[in-house]
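Undergrad:
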């Protein structure tokens, strides 16, 4: 009898278990996989680290990428390029636009646990203000013109000599810890050991800098790497990834091979030669966006320099005569957009109503004819005599270009395009530094160059196009237009974004009409991340390091949860593939 009761009990338990399982399936219970904290993300960076110090990172993208996760500034910027709080909780701008008062967050600690305060900001700014500061000269000059006042442990103010609307962007510079660097002067910045063992307030803290001993047949030499781990004191949105590992490679080809070998999960930059293979790789997700850069051809508008450039209709005709889309498709592997404005699209100041100038050589020829730049009667396209003239002036000029293969190819293509409408262009290739020297001295006729706004998201075009910047600024084209200069002056002292945007939209419309330079294209930045890394998204960027803006949401580890109507409970961890 006892044996029968035991069998009945076992059968009853079995029935209960089966019923419970059926209940899970039919009673509203479902499994769901959600993101969980944990795991390591490893990325290939192109280049080698120099100094992990936000005051010295100019010119080294690797340093900027690493610093982005270690350090924080008073402000940062959103996807539209507008400043938003970071270490600062808030700020107030005086009605006259001269004084910026910052209230700092009270919950910020350095990676070593020490509290952050206004003293750290004062210390950092003192290094920038020091005449011995070894960073960009214009950055030091700006801060030396600013009066800094400590109000309390968590508040301070900056007073400018005159209104300067882009000032907030300069407060995004990474802040250094005063308690770690006592007695360190600006002259010591380049040699301080801090640059190899940095401490900041960012979402990740420095662990080590060394070499990766793992080697593969295609990469037998160990590579250097830096390891970061989550900052337990971080005041911002918690990050899901426990660790970030950066490995350094000499070029995009080697970085892609490291991905194929399973050494990294992400590639910081996709090279044009590797792009076709990466596009067909089913495991690599590619993300593309515009960078705040553009290529253009400066025209030296100095009187009597090049008669062809003195009329705006002729400058417009030169733009109609350029097949810029062909250049993008065939010379840049499609990794660019044809430019419409000296203010980059995607920012709060861009004028989206601008009409793109399409390639139209027939219209270009018509404009040249109407302006009196005529072709010799017996000249045939492609011959030496197929050059327009007006009075005794020939439709010809020299185009200066950096001597790398890509710039030379673009310049030669432009010359071929213009030759078809009767404009003779001689391409002169020089080292990039030499080209810049010619621009600074205004000793050129036309020059192909790239302009980079990556230091700041503010679109302020004043240094490039205002008439006062011809002598000592970056108005290398000698563009002297009072109405445009007035717009740029007013915009520079207007702190209201909507009002500034209207001024800049007017500037862009007038720029398109005057065509003082020939805008070519905005480059595309392409970034690769393995599909096993989830929730990766990138938007408009000021610098490639902005790809980490949404890093808090990336994850490689998941967990399973049982979801019931109105309830959720954890069933157990389920790590993603490494």
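Numbering (this note's numbering), first residue to last: 447 to 1024.
Every residue gets a Cβ at the ideal spot worked out from N, C-alpha and C, and that includes glycine.
None of these values were measured; they are calculated from a predicted model.
(1) Do residue 522 and residue 986 have their CB atoms nearer than 7 Å?
(2) May I ask you to check if the CB of residue 897 is nearer than 6 Å to at least one heavy atom of the ligand ZN?
(3) Run through the DSSP bridge pairs and tell me what residue 848 is partnered with.
(4) Within the continuous beta strand (DSSP E) that includes residue 507, where are the two ends?
(5) How should residue 804 be labelled, buried or exposed, when 16 other C-beta atoms within 10 angstroms of its C-beta is the threshold for buried?
(6) Which residue wins for smallest C-alpha separation from residue 978, given the options 1003, 961 and 834?
(7) Can you grab the Cα-Cα spacing for the pair residue 767 / residue 739, in whole Å?
(8) Put residue 887 into one of helix, strand or coil per three-state DSSP.
(9) Buried or exposed for residue 597, please, with buried defined as at least 16 other CB atoms from any protein chain shown within 10 angstroms of its CB.
(10) Within 10 angstroms of the Cβ of residue 508, are there 16 or more other Cβ atoms? Answer buried if so, exposed if not.
(11) If I'm right that residue 562 touches residue 554 with Cβ under 8 Å, what's the distance once you round it to whole angstroms?
(12) Check whether the Cβ atoms of residue 644 and residue 516 lie closer than 7 Å to each other.
(13) Using a Cβ-Cβ cut-off of 7 Å (strictly less than) and excluding sequence neighbours within five positions of residue 780, which residues of its own chain qualify?
(14) What does the alpha-carbon distance come out to for the pair residue 791 and residue 920?
(15) Below 8 Å on the Cβ atoms is my guess for residue 844 versus residue 816; work out the distance and round it to an integer in Å.
(16) Tell me where the beta strand (DSSP E) around residue 896 begins and ends.
(17) Under 7 Å Cβ to Cβ from residue 765, same chain only, skipping five residues before and after it: list those, please.
(18) With a threshold of 16 other CB atoms inside 10 Å of the CB of residue 937, please say whether the residue is buried or exposed.
(19) Excluding the five sequence neighbours on either side, which residues of its own chain have a C-beta within less than 8 Å of the C-beta of residue 693, listed in chain order?
(20) Mind checking residue 577: buried by the 16 CB within 10 Å criterion, or exposed?
(21) For residue 472, does the three-state DSSP call read helix, strand or coil?
(22) Just list the beta strand (DSSP E) runs in the segment 619-702, keeping only unbroken ones of 3 residues or longer that don't cross its boundaries, in chain order.
(23) Compute the distance between the beta-carbons of residue 976 and residue 729, then report whether it is under 7 Å.
(24) First and last residue of the beta strand (DSSP E) that includes residue 486?
(25) Out of 910, 973, 615 and 808, point me to the one whose CA is closest to residue 957's CA.
(26) Quick check: residue 905 and residue 795, are their CB atoms within less than 7 Å of each other?
(27) Am I right that residue 687 and residue 481 are in contact with their C-beta atoms under 8 Å? What's the rounded C-beta distance?
(28) Rounding to the nearest angstrom, what Cα-Cα distance links residue 813 and residue 758 in this structure?
(29) Below 8 Å on the Cβ atoms is my contact criterion, and I expect residue 624 with residue 566 to pass it. Report the Cβ-Cβ distance as a whole number of Å.
(30) Rounded to whole angstroms, how far is the Cβ of residue 497 from the Cβ of residue 641, which I believe are closer than 8 Å?
(31) Which runs of the alpha helix (DSSP H), 4 residues or longer, sit entirely within the segment 791-857?
(32) I need the DSSP call for residue 749, collapsed to helix, strand or coil.
(33) Between the C-alpha atoms of residue 819 and residue 932, what's the straight-line distance to the nearest angstrom?
(34) Based on Cα-Cα distance, which residue from 675, 1000, 856 and 756 lies nearest to residue 777?
(35) Just to confirm my understanding: we take residue 472, look at its own chain, exclude 5 residues before and 5 after, and list those with CB closer than 8 Å. What are they?
TA: Let me lay it out:
(1) no
(2) As presented, the structure is devoid of all ligands, the ligand ZN included, so that no description of it is given.
(3) Paired residue(s): 876.
(4) Run containing residue 507: none in the beta strand (DSSP E); it sits in the alpha helix (DSSP H), 507-516.
(5) exposed
(6) 1003
(7) 23 Å
(8) coil
(9) exposed
(10) buried
(11) 4 Å
(12) yes
(13) Here the set comprises 774.
(14) 22 Å
(15) Incorrect: roughly 26 Å between the Cβ atoms, too far for contact.
(16) 892-898
(17) 803, 961 and 964
(18) Looking at its Cβ environment, which holds 16 or more other Cβ atoms inside 10 Å, residue 937 is buried.
(19) Closer than 8 Å at Cβ, skipping near neighbours: 488, 489, 490, 491, 658, 669, 670, 671, 704, 709 and 710.
(20) exposed
(21) With a pLDDT of 47 at residue 472, under the threshold of 50, the predicted position of this residue should be treated as unreliable, and no value is reported.
(22) 650-658, 669-676 and 689-695
(23) yes
(24) 486-492
(25) 910
(26) Yes, the pair counts as a contact, with Cβ atoms nearer than the cut-off.
(27) The Cβ separation is near 10 Å, so there is no contact.
(28) 11 Å
(29) 5 Å
(30) With 8 Å as the limit, residue 497 and residue 641 qualify as a contact, their Cβ atoms being about 4 Å apart.
(31) 807-816
(32) coil
(33) 33 Å
(34) With distances taken between Cα atoms, residue 777 lies closest to 856.
(35) Its pLDDT being 47, under 50, residue 472 is placed unreliably by the model, and the measurement read from it follows with that caveat. Closer than 8 Å at Cβ, skipping near neighbours: no residue.
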